[in-house]
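Just so we're aligned: the sequence shown equals residues 722 to 850 in this note's numbering.
Cβ coordinates follow ideal geometry from the N, Cα and C atoms, glycine included.
Just so you know, these numbers come straight off a predicted model, no measurement behind them.
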Amino acid sequence: MCRCKVKVVRWISWSVDNLGHRYFKCRNTQIGGLTARVFGAHDGGCDFFAWHDGLTSSFLREVLNDLRGVVHSLRREKAKSVKEIEEVRAKTKEQSKEVDSVRKKLASVLELASALDVKMLFLMIGSVG
Ligand SMILES: [Zn+2]
């Protein structure tokens, strides 16, 4: 509990110096823990701050740094894929509109053709009779 009488939230630091270092911070504060601690700054919440555990080993920091890089590149890839899917979807929509209009034209041509067939039939009957 912090001074706002709410349960504090546990965060994971992503700063280079404290990568992977977990800390508790007031849930109402949006400013990073260290910034809040150093400057006593807060926006809405109090300046409660506490580390959860000891410093992360340099090995773990390196691993986390690599993982962060992988996560970022996967996010970029995902965003790119989503954009590509949207483009394909838009194109497909456009093409299906074209197919629809061609289908309508074909239907009217077929109608015309069958009307001509009937006319021809009458003409043939007429010429026979
Ligand atoms: Zn608070």
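1. Determine the DSSP secondary structure at K746, reduced to helix, strand or coil.
2. Can you determine whether any heavy atom of ligand 1 sits closer than 7 angstroms to the C-beta of R724, and answer yes or no?
3. Given the structure, does V803 come close to ligand 1, in the sense that its CB is under 7 angstroms from one of the ligand's heavy atoms?
4. I need the straight-line Cα distance from K825 to E805, nearest angstrom please.
5. Any heavy atom of ligand 1 closer than 7 angstroms to the CB of N718?
Well, looking at it:
1. The residue given as residue 746 occupies position 25 in the sequence shown. DSSP places K746 within a strand segment (E or B) once states are collapsed to three.
2. For the purposes of this step, residue 724 is taken as residue 3 along the sequence shown, with counting starting at 1. For ligand 1, at least one heavy atom lies less than 7 angstroms from the Cβ of R724.
3. Here residue 803 refers to the residue found at position 82 of the sequence shown. V803: no, Cβ never under 7 angstroms from ligand 1.
4. Looking up residue 825 in the sequence shown gives position 104. Looking up residue 805 in the sequence shown gives position 84. Taking the straight line from one Cα to the other gives about 30 angstroms.
5. In the structure as shown, the chain begins at 722 and stops at 850. Residue 718 is therefore absent and cannot be evaluated.
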